[in-house]
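Engineer: Residue numbers (the working numbering): 70 to 476.
One structure is given below, represented as structure tokens, and several questions about it will come after.
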Ligand code: HEM
């Protein structure tokens, strides 16, 4: 590492609360910087902060996911027995695959997330949003995260995956523990807990898949079971892994977007008024909220070979974090990039990633968020934040609590 590459500390609480001034400095002076973490299995990672570099790096096949393909077997410590269910679950996620396997998984799953399929889910999503809104009290403070966005986001994706309503709280608990075991803030205890839950979640979906094979229900799970690419279906293990991936990916970012977006809108009452009064549509609002405070801040990859990137020598096997959240504030792409502007004309944000792993569920996520923000704007004339609590994470950015008083 040369002196040019500043160390920044992604787990510093001040950085987590407001990373944007640090991103601005990095973009300006150190476009590829070294981020140190105390996380299990990682010394740290190279952080790429400029929009052009993030977009180029995520399309560059010298950076990928399957590090085991390019490193000697003894480069990794053996996986402890107690961690194995977690790794087994992740091993077939398209998110962690490189071509050609990735392309096959993605092609098979494509019909599940087609615009037509997503629009067909709209009435069910609207009904779930209405039910969740009905549970928010009319008067007095409430926590929009625990009372609304977190249960709603899991309800939506679990419902589309055929999970009966009575099991939603159970599934939510599993997802939460698995999430903690995957982030770079993980500890050995969190990995063991996440691994136990991964085993339980897979066993749960095994039963659900068997039920749906016997009696197809026209939902997202049935579509996935029936999906094939020229006669090539998902193997049973791939199918189960995809169920868990959709549940996991579909829940968290959608929930975080609601918290981040509402906090931003509460800080910008004029923008909230424009949405509420119909001067701007929910579609544009959601697009800007995704850019302004992106739920997924970083897309991680590994160098599959030695690469010189922006003049920095990155060694084969090292981790690179492509800063989606930083790219989305790059003034070379977005005019007055730190301003929240729901009517912004430049909308090429990277909140859904870019390249082969671009969010498969982006149409569903966009629709869900449009319906949620539209419904909230009709319900609350004004937003007042009482307090908030931030989630400790490197990968995602969001709140574990956002107490509002809109009465
Ligand atoms: C606001 C909501 C969402 C955001 C911000 C978001 C963001 C992202 C991002 C940034 C990636 C790329 C990660 C990378 O390149 O490392 C991704 C991938 C993915 N997302 Fe989303 N996502 C959201 C909602 C959803 C939903 C609702 C689903 C489906 C139920 C979903 C399914 C997926 C899948 C399957 C992938 C992996 C795609 C691949 O590897 O080819 N996401 N998402």
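Glycine is no exception: its CB is placed at the ideal position from the N, C-alpha and C atoms.
Only counting the same chain, and skipping five residues up and downstream in sequence, which positions put a Cβ closer than 7 Å to that of residue 122?
Structural biologist: As a position in the chain shown, residue 122 is number 53, starting the count at 1. Closer than 7 Å at the Cβ level, and outside the excluded window around residue 122, lie 100 and 379.
Engineer: Which of the three DSSP states is assigned to residue 463 in this structure?
Structural biologist: Looking up residue 463 in the chain shown gives position 394. It is coil, neither helix nor strand.
Engineer: Using only the alpha-carbon positions, how far apart do residue 441 and residue 198 sit?
Structural biologist: Start at 1 with the first residue of the chain shown, and residue 441 comes out as number 372. Start at 1 with the first residue of the chain shown, and residue 198 comes out as number 129. Whole-angstrom Cα-Cα distance: 7 Å.
Engineer: Pick from 176, 354 and 364: whose alpha carbon is nearest that of residue 425?
Structural biologist: Within the chain shown, residue 425 is the residue found at index 356, counting from 1. Here the closest residue by C-alpha is 176.
Engineer: Between residue 399 and the rest of its own chain, which residues show a CB-CB distance below 7 Å, the 5 nearest in sequence each way excluded?
Structural biologist: Within the chain shown, residue 399 is the residue found at index 330, counting from 1. Cβ neighbours of residue 399 beyond the five flanking positions: 96, 119, 120 and 406.
Engineer: Using only the alpha-carbon positions, how far apart do residue 464 and residue 76 sit?
Structural biologist: On the chain shown, position 395 is the one that residue 464 refers to. On the chain shown, position 7 is the one that residue 76 refers to. Spanning the two alpha carbons is a distance of roughly 18 Å.
Engineer: Taking just the CA atoms, how far does residue 115 sit from residue 462?
Structural biologist: Counting from 1 along the chain shown, the entry for residue 462 is found at position 393. Counting from 1 along the chain shown, the entry for residue 115 is found at position 46. If I take the Cα positions, the gap works out to 17 Å.
Engineer: Have a look at residue 285 and residue 278 and give me their C-alpha separation to the nearest angstrom.
Structural biologist: Counting from one through the chain shown, the residue named residue 285 turns up at place 216. Counting from one through the chain shown, the residue named residue 278 turns up at place 209. Distance between the alpha carbons of residue 285 and residue 278: 9 Å.
Engineer: Going along the chain, which unbroken runs of the alpha helix (DSSP H) with 4 or more residues stay wholly within the stretch 197–274?
Structural biologist: For the stretch 197–274, whole alpha helix (DSSP H) runs of length 4 or above, ordered along the chain, are 219–229 and 237–251.
Engineer: Please specify which runs of the alpha helix (DSSP H), each continuous and at least 4 residues long, are wholly inside the stretch 318–379, giving them in chain order.
Structural biologist: You should have 338–345 and 351–361.
Engineer: Check residue 123 in the structure and name its three-state DSSP category.
Structural biologist: Counting from 1 along the chain shown, the entry for residue 123 is found at position 54. Residue 123 falls in the helix class under three-state DSSP.
Engineer: May I ask you to check if the CB of residue 163 is nearer than 7 Å to at least one heavy atom of the ligand HEM?
Structural biologist: Against the chain shown, residue 163 aligns to sequence position 94. Yes, the Cβ of residue 163 comes within 7 Å of a heavy atom of the ligand HEM.
Engineer: Looking only at its own chain, which residues have a Cβ that is under 7 Å from the Cβ of residue 268, when we skip the five neighbours before and after it?
Structural biologist: In the chain shown, the residue the question calls residue 268 occupies position 199. Same-chain partners within the cutoff: 154.
Engineer: For residue 310 and residue 324, I'd like the C-alpha separation in whole angstroms.
Structural biologist: The count along the chain shown starts at 1 and reaches residue 310 at position 241. The count along the chain shown starts at 1 and reaches residue 324 at position 255. Cα-Cα distance, rounded: 21 Å.
Engineer: What number of angstroms, rounded off, separates the C-alpha of residue 427 from the C-alpha of residue 312?
Structural biologist: What you label residue 427 is simply residue 358 of the chain shown in a count that begins at 1. What you label residue 312 is simply residue 243 of the chain shown in a count that begins at 1. Looking at the two C-alpha atoms, the distance is approximately 18 Å.
Engineer: Over what stretch of residues does the alpha helix (DSSP H) that includes residue 423 continue unbroken?
Structural biologist: Counting from one through the chain shown, the residue named residue 423 turns up at place 354. Counting along the chain, residue 423 falls outside any alpha helix (DSSP H), and DSSP gives it neither H nor E.
Engineer: The ligand HEM heavy atoms versus the CB of residue 171: any closer than 7 Å?
Structural biologist: The count along the chain shown starts at 1 and reaches residue 171 at position 102. Under cutoff, so the answer is yes.
Engineer: Does residue 248 pass the burial test, meaning 16 or more other C-beta atoms within 10 Å, or should it be called exposed?
Structural biologist: By 1-based counting over the chain shown, the position of residue 248 is 179. It counts as buried.
Engineer: Would residue 145 be called buried (16 or more neighbouring beta carbons within 10 Å of its own) or exposed?
Structural biologist: Here residue 145 refers to the residue found at position 76 when the chain shown is read from its first residue. With fewer than 16 Cβ atoms within 10 Å of its Cβ, residue 145 is classed as exposed.
Engineer: Have a look at the DSSP bridge pairing and note the partners of residue 301.
Structural biologist: Working through the chain shown from its first residue, we reach residue 301 at position 232. According to DSSP, which records beta bridges pairwise, residue 301 is partnered with 298.
Engineer: Any idea what DSSP makes of residue 287, helix, strand or coil?
Structural biologist: Locating residue 287 in the chain shown gives position 218, counting from the first residue. In this structure, residue 287 counts as coil in the three-state DSSP scheme.
Engineer: Among 393, 271, 373 and 338, which residue has its Cα nearest to the Cα of residue 385?
Structural biologist: The sequence position of residue 385 within the chain shown is 316, counting from 1. Taking only the C-alpha atoms, the option nearest residue 385 is 373.
Engineer: Considering only the beta carbon of each residue, do residue 178 and residue 289 sit closer than 8 Å?
Structural biologist: One-based indexing of the chain shown puts residue 178 at position 109. One-based indexing of the chain shown puts residue 289 at position 220. Cβ atoms of residue 178 and residue 289: not closer than 8 Å.
Engineer: Just the C-alpha distance for residue 382 and residue 83, rounded to the nearest angstrom, thanks.
Structural biologist: On the chain shown, position 313 is the one that residue 382 refers to. On the chain shown, position 14 is the one that residue 83 refers to. Near 29 Å, if we compare the C-alpha coordinates of residue 83 and residue 382.
Engineer: So residue 439 and residue 351 are in contact, right, with Cβ under 8 Å, and what is the actual spacing, rounded?
Structural biologist: Translated into positions along the chain shown, residue 439 becomes position 370. Translated into positions along the chain shown, residue 351 becomes position 282. Going by Cβ atoms, the distance from residue 439 to residue 351 rounds to 4 Å, so yes, they are a contact pair.
Engineer: Residue 415 CB to nearest chain D CB: under 8 Å?
Structural biologist: Of the chains in the structure shown, none is chain D; there is only one protein chain.
Engineer: Based on DSSP bridge pairs, tell me the residues matched to residue 162.
Structural biologist: Taking the first residue of the chain shown as position 1, residue 162 is located at position 93. Its beta-bridge partners do not exist; DSSP assigns none.
Engineer: Using the beta-carbon count (16 or more within 10 Å), is residue 232 buried or exposed?
Structural biologist: Taking the first residue of the chain shown as position 1, residue 232 is located at position 163. It counts as buried.
Engineer: Is the distance from the Cβ of residue 159 to the Cβ of residue 165 below 8 Å?
Structural biologist: Along the chain shown, read from residue 1 onward, the residue named residue 159 stands at position 90. Along the chain shown, read from residue 1 onward, the residue named residue 165 stands at position 96. Going by C-beta atoms, residue 159 is nearer than 8 Å to residue 165.
Engineer: Any chance the CB of residue 226 is under 7 Å from a heavy atom of the ligand HEM?
Structural biologist: For the purposes of this step, residue 226 is identified with residue 157 of the chain shown, where counting begins at 1. Result yes, Cβ under 7 Å from the ligand HEM.
Engineer: So, for residue 452: in the same chain, excluding its five sequence neighbours on each side, which residues have a beta-carbon less than 7 Å away from its beta-carbon?
Structural biologist: Looking up residue 452 in the chain shown gives position 383. Hits under 7 Å: 331, 334, 335, 341, 473 and 475.
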